[in-house]
Structures are given as structure tokens and as C-alpha cells.
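Worksheet: one structure, shown below.
There are 2 protein chains.
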Amino acid sequence: MAGAAVGPGLPVMVRVVLADDQRIVRDGLVTLLGLLPGIDVVGAAADGGAALDLVAEHRPDVLLTDLRMPGVDGVEATERVRAEHPGTAVVVLTTYVDDEAVLPALRAGAAGWLSKDADAEAIGRALHAAAAGQATLDPAVLARLVAAAPVPAAAPPDGLTPREVEVLALIAEGLSNGQIARRLVVSEATVKTHVNHLFAKAGLRDRAQAVHYAYRHGLAGS
Amino acid sequence: MAGAAVGPGLPVMVRVVLADDQRIVRDGLVTLLGLLPGIDVVGAAADGGAALDLVAEHRPDVLLTDLRMPGVDGVEATERVRAEHPGTAVVVLTTYVDDEAVLPALRAGAAGWLSKDADAEAIGRALHAAAAGQATLDPAVLARLVAAAPVPAAAPPDGLTPREVEVLALIAEGLSNGQIARRLVVSEATVKTHVNHLFAKAGLRDRAQAVHYAYRHGLAGS
DNA sequence: CCCGGGCTCCACCCTCGGGCCGACGCCGCC
DNA sequence: GGCGGCGTCGGCCCGAGGGTGGAGCCCGGG
Chain A
1 MAGAAVGPGL PVMVRVVLAD DQRIVRDGLV TLLGLLPGID VVGAAADGGA ALDLVAEHRP
61 DVLLTDLRMP GVDGVEATER VRAEHPGTAV VVLTTYVDDE AVLPALRAGA AGWLSKDADA
121 EAIGRALHAA AAGQATLDPA VLARLVAAAP VPAAAPPDGL TPREVEVLAL IAEGLSNGQI
181 ARRLVVSEAT VKTHVNHLFA KAGLRDRAQA VHYAYRHGLA GS
Chain B
223 MAGAAVGPGL PVMVRVVLAD DQRIVRDGLV TLLGLLPGID VVGAAADGGA ALDLVAEHRP
283 DVLLTDLRMP GVDGVEATER VRAEHPGTAV VVLTTYVDDE AVLPALRAGA AGWLSKDADA
343 EAIGRALHAA AAGQATLDPA VLARLVAAAP VPAAAPPDGL TPREVEVLAL IAEGLSNGQI
403 ARRLVVSEAT VKTHVNHLFA KAGLRDRAQA VHYAYRHGLA GS
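From first to last, the protein sequence lines stand for chains A and B.
Residues 1 to 222 (my numbering) are what the first sequence spells out, left to right.
Residues 223 to 444 (my numbering) are what the second sequence spells out, left to right.
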């Protein structure tokens, strides 16, 4: 065995189109990635529009793209490639890992986020992974993603009864007492009782604080 | 450049300890991964405790572990490995990609999440990536992560002025009009004006709804 | 120059929310 | 049986919250 980029068998070639507006980076990537076994760079574009054309023409396994480009930027290019050519995975290669475009890009369907600090091997590995359906992320990006996810604390923290939690969730939706009453098919007086009880237990004064509390404790209906 | 399992050159070996309570899986992994170039399985454990011992003994580059194990489970093992042996990355290999343990595991420092549907090559690639500091995720897991992240439209809310956004953020903290007034060093009347304005613009009735709105638009103070 | 928008303040009104009390039926537990 | 917690109601009070109208200031743009 041994062979291909990673692993045995026939050297499965991964066909790649890359996009970067900086000529040095572009030429460097073509050269470096071309030296890797299992990587076949079939096109290189200087902007998103040209990248889309190349993808349409060559139907590569992976598009490796920068984000900041003139014209069609990386996020938009990602969206369109994923929509028009589902067989082509997209890997983002950018300078800054802490970019606020992380979420938009991943939401657009990117299957990877690499820093330009990465060496050719790492990029090649990510390209193979993307072609195989795996996603590769820079650790900082992963940390950012994980940090962005809401709190794990799905447990009812204080001594709230199930009914009270239910009422709290509806308060968090912005419903009034009357609306909650109709939703739960009970009297508004009952709702007020529950509200007062859960306020006392959780140390809340407002229903605004209640919404805040609900969100911070993962009780919001997402 | 070039090298290791992915690529030519000197075969940089990645030393791996793996943990899985199912004997078949364990033995299968030892065999299959052992066949891959660049992968050196230096130990295999049937539970988390044994895995921790093996990691302490061999100081591997990567621990490849299942989550559901008797005794010390995968998440706890991940935490302890990351804390006690920062040089050892952890990759989770599990049956279900939609497990609710995704976030806890990644929060604990896991640098990867693979499905047992993955083939040996993919696992080997993820192990190399982990050893190199990259994270590899099953696409379903990445999708789940991205979906879990808030901020569906964190950018520009409605025609809210900066001041109004500021007031809204404080409302989301659960502060009363008076508290907001003192915080912003303005009159309470001013606060009420801002509140009424932003309510009208955003179509809100309650301050409860306002908190809801703020959270759903990423204006909450994290 | 005047106009418009943003920020600041004031006064008034009224509804809803929240605090407090008591009440009843239904459970499970001692 | 008695006790306590939970869920369900009712009534009362009152203050904060929300709605409306008006006013002044400063700034940038037509």
C-alpha cells in the first residue's frame, strides 16, 4: 500500500481549482500543491468570478479559495459553488483565523478553514479530506465555533417545577401572561402564580430578567 | 515539504493510542491503522482509565477514542488527557454523529469527530491532521455546530440608532429603565423615549420581546 | 440658510405586570 | 389520616412600563 496522498491503493487524484487574488500566493500554491502526490491543480483564478468559471469548466473535487477577493468574494463563491456544483467541496484558505466571516463561510457550505500559516502537507491533507467528505478546521476556528455555541447547561438549575419551566420558556418567547394562559389552556391567574413562583425561586424581578435567565440557561426554544 | 503518510519523503510516524470497549472494533482498528504508512499504534485500551494509563506511559501524538465506554467515558478521558498531556491530541471516533455529546467533547478539547463509517484512510488522515494541530470533523457534526451557533443575522438589525442598540443591550441584561438611565447617565425619560422608539422600529410590544429580539439578533452581551 | 435626524428631557394617561393573600383538589409520603 | 408540594383559580393593590405629545440642542447636508 502506501501511496496516494494518504494511504494505499491507486493514487487517487484530487482535482483542485484554487482562487486567490495575490499572485505570489496563487503561484506558490500551484507549485507547492502540484508537488504533492494525489493533488492535481487544474486551475487557478484571481477572483471569485473566474473561480466560478473554472469550477464550471473543470468540475474539480475541491475549490481552495481565499475570502478577500475583488468582485465575487469567497463566501459568495462558496455559496454558488455549493448550489451549482454539489460535487465540488470548498475549502477556505485565509490569512486570519479569527475572521468574523468564519460562520458565514461555514454556513455557506465550506468544508474547511485553513490558515495560510499551514504547510503544503496540511493543505493537501485538508483537500483530500474535503474530497472524501470530511471537514478540516484550524484549531482556532474550531475553538471559536465551540465558544459561540450556547451553554451546555440544559438542566433546570433552580428548584423550578416542570410547569414553571414551561411558563418560563414561553415568557422567553415574548408572550404575555394572557397569551401564555391561552397557550397552556389555563387561567391567567394561574400563569401569574407560576410566574411569581419562578421569579421568587430564580431571584428575578422582571420578565425581562426572566428572558435573560432563560437564554443564559439554555431554556429558550432555540 | 512532502512527507509522512500524506505524501512522500521520510515517513513521519504518528504514534497513536486507541480506546474502544468493543473488542472487534479495537482489534480491527489496530490492524487497519497499523497497515497505514505513518501510523504507529502504540497501545489499545478497552476503557477510559486504561487509555489514560497508556497515554501517560507512551505519550502518543494522538488518542483515538470512543465515547461510550465503561468507567471513565470519552469526554472525561479527553478532558484529562488535554489537561495532563497537552502534547497528545484527542480524536473522537463514535457510532453516532448526531450525539448530543458533540459539544461537551469538543469543549473538552477534542480535535476531531469521526463516524465509524469512515474508512481507514480517512481515520489515518484525521490522525495526521490532529498530530499537526488540525481538527477534522464529520460533515454532519460541522453542520450541527454551525447550526447551533447563534447569530442567524447578527449584522444590521432594523433602523436602530447606536443609542437605541445600546439601550436594547441593557434591556437584554434585565435592567429596568431607571437602572439603564443611571448606567447611561441620562434621565429616565430619555431612556423611555429610546425604548419607545426602538419598540416601534422593531415591532416589539414588551421588553420581554425586546430581550428575545436582542438574543436572536446577537445583540446580547454574550 | 433651513431642514432633518439623533439625543436629550418633560408631563400625562392607562394598561399590564408583579406582590401578596387565600383557596381548592390531587398527589405522594411519612 | 395528616402533611406538604404542585397545579389550578380568585381578588386586591400599586407601581413600573409603555403610548402620546411636545420641546430644546447639536450636527451634517441640501
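For every residue, glycine included, the Cβ atom is placed at its ideal position computed from N, Cα and C.
Those residues which DSSP pairs with residue i across a bridge
i	result
residue 261 (chain B)	B:236
residue 148 (chain A)	Answer is none; residue 148 (chain A) lacks a bridge partner.
residue 267 (chain B)	B:241
Whole-number beta carbon distance between residue j and residue i, since they are thought to touch under 8 Å
i	j	result
residue 127 (chain A)	residue 16 (chain A)	6 Å
residue 283 (chain B)	residue 311 (chain B)	7 Å
residue 434 (chain B)	residue 25 (chain A)	The Cβ separation is near 44 Å, so there is no contact.
residue 253 (chain B)	residue 289 (chain B)	Residue 253 (chain B) to residue 289 (chain B), Cβ: 22 Å. No contact.
residue 302 (chain B)	residue 276 (chain B)	In fact, because the Cβ distance is near 13 Å, the residues do not count as touching under 8 Å.
residue 190 (chain A)	residue 181 (chain A)	7 Å
residue 398 (chain B)	residue 206 (chain A)	7 Å
residue 198 (chain A)	residue 170 (chain A)	Between residue 170 (chain A) and residue 198 (chain A) the Cβ distance is about 11 Å, and since that is not below 8 Å, they are no contact.
residue 335 (chain B)	residue 314 (chain B)	5 Å
residue 249 (chain B)	residue 269 (chain B)	Not quite, the Cβ-Cβ distance comes to about 15 Å (not below 8 Å), so this is no contact.
residue 75 (chain A)	residue 111 (chain A)	Actually they are not in contact, since the Cβ atoms of residue 75 (chain A) and residue 111 (chain A) sit about 14 Å apart, beyond 8 Å.
residue 193 (chain B)	residue 309 (chain B)	The structure shown does not extend to residue 193 (chain B), since chain B is modelled only from 223 to 444, so the question has no answer here.
residue 178 (chain A)	residue 431 (chain B)	With a Cβ gap of about 14 Å, residue 178 (chain A) and residue 431 (chain B) do not count as contacting.
residue 172 (chain A)	residue 215 (chain A)	6 Å
residue 142 (chain A)	residue 202 (chain A)	So it is not a contact: roughly 33 Å between Cβ atoms.
residue 49 (chain A)	residue 14 (chain A)	Incorrect: roughly 24 Å between the Cβ atoms, too far for contact.
residue 194 (chain A)	residue 163 (chain A)	6 Å
residue 237 (chain A)	residue 77 (chain A)	Residue 237 (chain A) lies beyond the stretch modelled for chain A, which goes from 1 to 222, so this question has no answer here.
Near the ligand FMN: residue i beta-carbon under 7 Å from a heavy atom
i	result
residue 172 (chain A)	Among the ligands in the structure shown, none appear at all, so the ligand FMN cannot be discussed.
Check distances from the C-beta atoms of the region 327 to 338 of chain B to those of chain A and list, in chain order, the residues that come in under 7 Å. Along the region 327 to 338 of chain B, going in chain order, the ones with a CB nearer than 7 Å to a CB of chain A are 328, 329, 333.
With a floor of 4 residues, list each alpha helix (DSSP H) that falls wholly inside the region 300 to 362 of chain B, ordered by position along the chain. Listed in chain order, the complete alpha helix (DSSP H) runs (minimum 4 residues) inside the region 300 to 362 of chain B are 324 to 329, 342 to 353.
Contiguous alpha helix (DSSP H) assignments of at least 4 residues, all confined to the region 162 to 193 of chain A: Correct list: 162 to 172, 177 to 184.
Runs of beta strand (DSSP E) lying entirely within the region 51 to 80 of chain A, each at least 3 residues, in chain order: If one requires a minimum length of 3 residues, the beta strand (DSSP E) runs lying completely within the region 51 to 80 of chain A are 62 to 65, in chain order.
Flag this pair as touching only if the region 206 to 220 of chain A and the region 259 to 266 of chain B have three or more C-beta atom pairs under 8 Å; answer yes or no. Remark: fewer than three beta-carbon pairs, one from each stretch, lie closer than 8 Å, so the region 206 to 220 of chain A and the region 259 to 266 of chain B are not flagged as touching.
Between the region 269 to 297 of chain B and chain A, which residues of the former have CB atoms less than 8 Å from a CB of the latter, in chain order? Within the region 269 to 297 of chain B, contact with chain A at the beta-carbon level (separation under 8 Å) is assigned to no residue.
So if I threshold CB-CB distances at 9 Å, which residues from the region 161 to 188 of chain A count as touching chain B? Residues passing the 9 Å Cβ filter: 171, 172, 173, 174, 175, 176.
Taking contact to mean at least 3 C-beta pairs separated by less than 8 Å, is the region 350 to 368 of chain B in contact with the region 134 to 151 of chain A? Three or more pairs of CB atoms, one per stretch, sit closer than 8 Å, so the region 350 to 368 of chain B contacts the region 134 to 151 of chain A.
Under 9 Å, CB to CB, which of the residues in the region 408 to 433 of chain B have a partner in chain A? For the region 408 to 433 of chain B, the residues whose beta carbon sits under 9 Å from a beta carbon of chain A are, in order, 426, 427, 428, 429, 430, 431, 432, 433.
Take every Cβ of the region 30 to 37 of chain A, pair it with every Cβ of the region 115 to 124 of chain A, and state whether three or more of those distances are shorter than 8 Å. Under the Cβ criterion (8 Å, minimum of three pairs), the region 30 to 37 of chain A counts as touching the region 115 to 124 of chain A.
Determine which residues of the region 343 to 361 of chain B have a Cβ less than 8 Å from any Cβ of chain A, and write them out in chain order. If the cut-off is 8 Å between Cβ atoms, the region 343 to 361 of chain B has 343, 344, 346, 347, 348, 350, 351, 354, 355, 356, 357, 358, 359, 360, 361 near chain A.
May I ask you to verify whether the region 318 to 335 of chain B touches the region 107 to 116 of chain A, counting CB pairs closer than 8 Å and requiring at least 3? Between the region 318 to 335 of chain B and the region 107 to 116 of chain A, the count of C-beta pairs closer than 8 Å stays below three; the two stretches do not touch.
Name, going along the chain, the residues of the region 297 to 323 of chain B whose beta-carbon falls closer than 8 Å to a beta-carbon of chain A. Contact residues of the region 297 to 323 of chain B toward chain A are absent (C-beta to C-beta distance below 8 Å).
Would you list, in chain order, the members of the region 11 to 30 of chain A that have their beta-carbon closer than 8 Å to a beta-carbon of chain B? Within the region 11 to 30 of chain A, no residue has its Cβ closer than 8 Å to any Cβ of chain B.
Residues, ordered as in the chain, of the region 33 to 48 of chain A that lie near chain B by beta-carbon distance below 7 Å: So the list reads 35, 36, 37, given in the order they occur along the chain.
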